[in-house]
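The listed protein sequences derive, respectively, from chains S and L.
Here the numbering used here is used: position 101 in the first sequence is 101, and no number is missing along the way.
Convert by adding 302 to the 1-based position in the second sequence; the result is the number in the numbering used here.
Here a beta-carbon is modelled for each residue, glycine too, at the ideal position from N, C-alpha and C.
There are 2 protein chains.
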Amino acid sequence: MTDSRLQTFAPVGVRDGLVTLGPAALRVRAALEAVFTGWAARVGADEVQLPPLIRVGDLARFDFFANFPHLALAAAAVSTAPDAGLPTRGVPADSRLTGTQLDGAEYVLPSAACYNAYLALGGARLEAPVKLTTVAQCFRREREYQGLRRLHGFTMREIVAVGDPDTVKAHLAEHKELIADFADHLGLALTTEVATDPFFDPDGAKAVMQRLFPTKEEFVSDSGIAIASVNYHRNFFGERADIHLGGEPAHTACAAFGIERWLHVLADRFDQDWDAAEKAIRSYPGADGGPGPGTTAPGAAR
Amino acid sequence: MTDSRLQTFAPVGVRDGLVTLGPAALRVRAALEAVFTGWAARVGADEVQLPPLIRVGDLARFDFFANFPHLALAAAAVSTAPDAGLPTRGVPADSRLTGTQLDGAEYVLPSAACYNAYLALGGARLEAPVKLTTVAQCFRREREYQGLRRLHGFTMREIVAVGDPDTVKAHLAEHKELIADFADHLGLALTTEVATDPFFDPDGAKAVMQRLFPTKEEFVSDSGIAIASVNYHRNFFGERADIHLGGEPAHTACAAFGIERWLHVLADRFDQDWDAAEKAIRSYPGADGGPGPGTTAPGAAR
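The following block contains the structure:
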């Protein structure tokens, strides 16, 4: 490539909170994903791909519009009315569709990967805990966007447990250990912080949020970026999504990884040497497809 | 899993045009992706991840709203006005956000993976052709949704060439051969059809579409599903996105693969035996990470 304007092929290009990743960053992303899906396999979580949209009515069940309207992007149909006056060639680059140019929206874009997991289990009467892992393109409106640190669209990997309180709490404890161990391996200095939730609307219903995320803990880089979190929702989603285990609303918990934030922190750690970052990740036990740390034999931990 | 309602863990669950894929189908998807990205590597296409949204103003440059308004889903901000009356717990499942509940939309969800590729190259003065591959979550409103055949949200892998006419036409010829060879290997009976473009609005500006997609050819299963297409856009995107090579607007072409449609056709072909489908794909030269067909040594074709 001889044209320096081809940001496509640079490892990372960011504009207006939207990111383009080139080959080098994508190789690091694939290596990270191998680690996280390896952890998921260890704890017996099935890999699932969930829908890219969530029904308005389903999100309302989770008090989403009461607590997070400022984050939400709806998927609104564009009007096909002859007088809609839709933009044509030559309009300004920052043109918007407004008013009668938009029909209604039946769906909202996910702001986190796990909502659709609880909805997928809606109505279930479980006989045993369920674990799953998924990766989702997520979207959040923010007051401002900052490189890979705070994006309009980003990728979230989650490893989710649904079951009795002890099982889901043990799920979080195990992931806290794994995250700390992996950070040590990479030479990342992470601190654990009980979170001021990034979802949190400073003007909003704090009491509800504290109930929703009473034990959110974040893993924060020395540059102040939360790259992972573990979240215990008690029986909130079990009640709201009607998921039961042993006659009681199930408890839920998830470990969540903001992929682009990991890329940002790793690029810093390895002085923008993406190949060195990839090599460091691939040398982590399990990231090459072999058994992970603490696993005495392939599959033994499943 | 003992609960048959857990559609999450079935290979495929579809509701209202939105799909959930379980582990077995995801393994087949990964095997397919290994084949397609192997082809991309053979032709020297870099892997890039492009933004998940497209600016309204950028799509207008491609006459998108003149030709495809009926397909479009805009990413509209949800109103945070105190009197917006957003839905709360207990609203009907099919609730919609309408009118003043929505603020404007600066972005539209992609209906194809390659628009953002041309935009990423916008303004480039190339000294040589460029090839890239990308996979994108795409969205299309349709009159009706049919299982995996016609989805509201779907995954499209594309292998794109930008350059002189001969290079991009050779790109399509090479992919036509590869697709036919792969279909033979899998025992899929595909026919090639000059397309009635699925984008095509029957009430719309047909003349413009014929100019835009004059040489679209689709690969259609015996059940009538187009699972791949090769598309030659002449210099349309080169002009509109201001991509030049040797002083002329670049020509562009892409090979496109509808991943969920491949899954549908493969499930039919292998009588819902997903493991057999995966095995068949993995036995295709190159799908196991080794060199592809016609490659005399690893990397020789790059």
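Restricted to the stretch 91-125 of chain S, the alpha helix (DSSP H) segments that are unbroken, complete and at least 4 residues in length are 115-120, listed in chain order. The beta carbons of M156 (chain S) and A31 (chain S) sit about 17 Å from each other, so the pair does not count as a contact at 8 Å. Counting only Cβ-Cβ distances below 9 Å, G465 (chain L) has no contacts in chain S at all, with the closest Cβ about 13 Å away.
Residue nearest to A45 (chain S) within the set S:G22, S:G163, S:H185, S:V194 is S:G163 (criterion: CA-CA distance). For T469 (chain L), the enclosing alpha helix (DSSP H) stretches over residues 467-488.
Under the 8 Å Cβ criterion, the stretch 275-290 of chain S counts as touching the stretch 181-189 of chain S, having at least three qualifying pairs. The C-beta separation of G359 (chain L) from D94 (chain S) comes to about 6 Å, placing the pair in contact by the 8 Å criterion. Beta-bridge partners of I159 (chain S) (DSSP): S:T133, S:A255.
A residue is called buried once 16 or more other Cβ atoms fall within 10 Å of its Cβ, and V432 (chain L) is buried on that count.
Taking every protein chain shown into account, the CB of Q101 (chain S) has 16 or more other CB atoms within 10 angstroms, so this residue is buried. Under DSSP, the beta-bridge partners assigned to Y232 (chain S) are S:A253. Between E519 (chain L) and E541 (chain L), the beta carbon gap of about 23 Å keeps them out of contact (Cβ cut-off 8 Å). Of all residues in the stretch 119-146 of chain S, only A120, L121, G123, A124, R125, L126, E127, A128, V130, L132, Q137, F139, R141 come within less than 8 Å of chain L when Cβ atoms are compared, listed by chain position. Beyond the five residues adjoining it in sequence on each side, A336 (chain L) comes within less than 6 Å, by CB distance, of A589 in the same chain, given in chain order. Bounds of the beta strand (DSSP E) holding V220 (chain S) are 217-220. In the structure shown, the three-state DSSP call for R150 (chain S) is strand.
In this structure, R149 (chain S) keeps its C-beta atom at 8 Å or more from the C-beta atom of Y107 (chain S). Here H546 (chain L) is bridged, per DSSP, to L:R427, L:P551.
With a cutoff of 8 Å on beta-carbon distance, A419 (chain L) and T400 (chain L) are scored as not near each other. Within the stretch 313-357 of chain L, complete beta strand (DSSP E) segments of at least 3 residues are found at 314-317, 320-323, given in chain order. Judged by beta-carbon spacing, F538 (chain L) lies beyond the 8 Å limit of T88 (chain S), meaning their Cβ atoms are not closer than that value. When DSSP states are grouped into helix, strand and coil, E193 (chain S) belongs to the strand group. In chain order, L388, T402, Q403, L404, D405 place their CB closer than 8 Å to the CB of S381 (chain L), counting only its own chain and leaving out the 5 sequence neighbours on each side.
The contact set of H70 (chain S) on chain L, defined by CB atoms closer than 7 Å, consists of T382 in chain order.
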